[in-house]
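Q:
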Amino acid sequence: MAATVLVVSFTAVIQAVVMGADMIDTARKQQIAQQIIEAEIGGLRLGAWSTIARLADGTAYSATVDATGESITDTTHFNLGSNPDLMRQAKGFICQIVPPAPATPSYLRPASADFNTVTFLSITYKVSWPGNLGRIHTRTGVAYFGQNGLHLSYQK
Amino acid sequence: MVVMAAVFSTYLYLGRNLTRLSFRNVMEGQSRNILRTLTIDIQNTKSLISATNTGLALTVDNQNPLNGPVPTMKVVYAYDGSTNKLIRRTSQLDDSGPVTATLNHDIGDNNVQVPVAMLNFNFLYYITTGGSPVSQFNSTIVPISIKQVAISFTLQAGDPAIQGQQGTLSSYPVASGRMPLLNRQFLDGS
């Protein structure tokens, strides 16, 4: 009887620890994912307009941080490699530039804009990662850029 | 005897993990507060006075007297490696009227004190060169060229020298995204 009580109580405590750890893990990785999105958007704001326009051409880009957090598979289209401390927190994270649905172009202005003529566009970042218990989580962020907008002032 | 040993070790295991869980909760809160405080200062920054890998001095717009001198205050962030604390000091632009706050603070009460140490701290700066983002982390830092700031640090709660609950150590590495200096003024030639 005593053993049964102990097993039940210990099992409950273990469940509480696992659930608590999962909650904190989720909160922490949500924060890291948001910081990755902000870091990518921030990196673009320091870039040239042509670089930004090319990223929004409807192509899907994806980069994965390796299991050690020391490298990322795509350093051409993603800036995470320039923040090694943040990358070390993001082991196994996948960062994507998501192309828009056909009816919602990422080149927003002018109408029927292309790479050379676009003046206003949106870029959608999606970050996904495996949680403490193996479940896949995702977080998405959308950034809007104007050709003569904030990013230009940072190039002075 | 074996059963009792198993029960006792399980009890210790659970107790230490619950302690770590509570420590991580505290460090999560403190790290978010540090990021929030720095982000607000960076957003309101008018100019950078000095920038090093472990310290940053800013001139910051401020409309709330509760936060420091108005309308402009000097804010200095300094990491003290001897005490493992991050200090934020606000003052008038001429350094008068300083108010100092420690951003990672120990937890507990008068009877039990659990140290929360900052094991390391680094500022990371971003400039632009020909439109390409460049980090100045390992080269000479010129404040006027800095466009974005990021930080990283590691918090640790507990103390191995203390027996009992506080002897359980838990560390928590933190890294921020890029924080743009949105409020920089145009150069006035001075």
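Here the protein sequences line up with chains V and P, keeping their order. Counting in the numbering used here, the first sequence runs from 1 upward without gaps. Counting in the numbering used here, the second sequence runs from 157 upward without gaps. Idealized CB from N, CA, C, for every residue including glycine.
Quick one: which residues of the region 180 to 196 of chain P get their C-beta closer than 8 Å to a C-beta of chain V? List them in chain order.
A: Within the region 180 to 196 of chain P, those residues whose Cβ lies closer than 8 Å to any Cβ of chain V are, in chain order, Arg180, Asn181, Glu184, Arg188.
Q: Does the distance between the C-beta of Ile14 of chain V and the nearest non-hydrogen atom of the ligand ATP fall short of 7 Å?
A: You won't find the ligand ATP in this model; it holds no ligand whatsoever.
Q: What does DSSP give as the partner residue(s) for Val18 of chain V in the beta ladder?
A: The partner list for Val18 of chain V (beta bridge, DSSP) is empty, contrary to what the question assumes.
Q: For the beta strand (DSSP E) holding Pro84 of chain V, just list the boundary residues, first then last.
A: Careful: Pro84 of chain V lies outside any beta strand (DSSP E), inside the alpha helix (DSSP H) at 84 to 89.
Q: Could you have a look at Gln155 of chain V and say whether DSSP puts it in helix, strand or coil?
A: For Gln155 of chain V, the predicted structure reports a pLDDT of 49, less than 50, and the residue's modelled location is therefore unreliable. The matter cannot be settled from this model.
Q: Is DSSP giving Ala67 of chain V helix, strand or coil here?
A: coil
Q: Return the chain-ordered list of same chain residues with a C-beta closer than 8 Å to the C-beta of Gly211 of chain P, the five sequence neighbours on each side being excluded.
A: Val232, Tyr233, Ala234, Tyr235, Phe279
Q: Mind listing the chain P neighbours of Ser71 of chain V? Cutoff is C-beta to C-beta under 8 Å, in chain order.
A: In chain order: nothing, as chain P lies at least about 16 Å away.
Q: Along the chain, where does the alpha helix (DSSP H) that runs through Ala234 of chain P open and close?
A: No alpha helix (DSSP H) holds Ala234 of chain P; the beta strand (DSSP E) holding it covers 228 to 236.
Q: Alpha carbon to alpha carbon, what distance is there between Ala48 of chain V and Ser112 of chain V?
A: 22 Å
Q: Could you tell me the alpha carbon to alpha carbon distance between Ala257 of chain P and Asn223 of chain P, rounded to whole angstroms?
A: 11 Å
Q: Below 7 Å between beta carbons is the criterion; list the residues of the region 302 to 323 of chain P that meet it against any residue of chain V, in chain order.
A: Those would be Lys303, Gln304, Ala306, Ser308, in chain order.
Q: So what does Arg245 of chain P bridge to, in DSSP terms?
A: P:Val232, P:Thr256
Q: Excluding sequence positions up to five away, which residues of its chain have a Cβ less than 7 Å from the Cβ of Gly253 of chain P?
A: Pro225, Ser247
Q: Which residues mark the beginning and the end of the beta strand (DSSP E) in which Val216 of chain P is found?
A: 211 to 217 is the extent of the beta strand (DSSP E) around Val216 of chain P.
Q: According to DSSP, is Gly146 of chain V part of a helix, a strand, or is it coil?
A: strand
Q: By Cβ distance, which residues of its chain are closer than 6 Å to Arg88 of chain V, with the 5 residues on each side in sequence left out?
A: Gly69
Q: Roughly how many angstroms separate the alpha carbons of Ile307 of chain P and Met1 of chain V, rounded to a whole number?
A: 54 Å
Q: Closer than 7 Å by beta-carbon distance: list the chain P residues that pair up with Val164 of chain V, in chain order.
A: In this structure chain V extends from 1 to 156, so residue 164 of chain V is not present and cannot be described.
Q: With distances taken Cα to Cα, identify the nearest neighbour of Ala90 of chain V among V:Ile36, V:Met19, V:Asp22.
A: V:Ile36
Q: Quick check on this structure: which residue in P:Asn209, P:Ser203, P:Thr310 has the alpha carbon closest to the alpha carbon of Leu86 of chain V?
A: P:Thr310
Q: With DSSP collapsed to three states, give me the class of Ser326 of chain P.
A: strand
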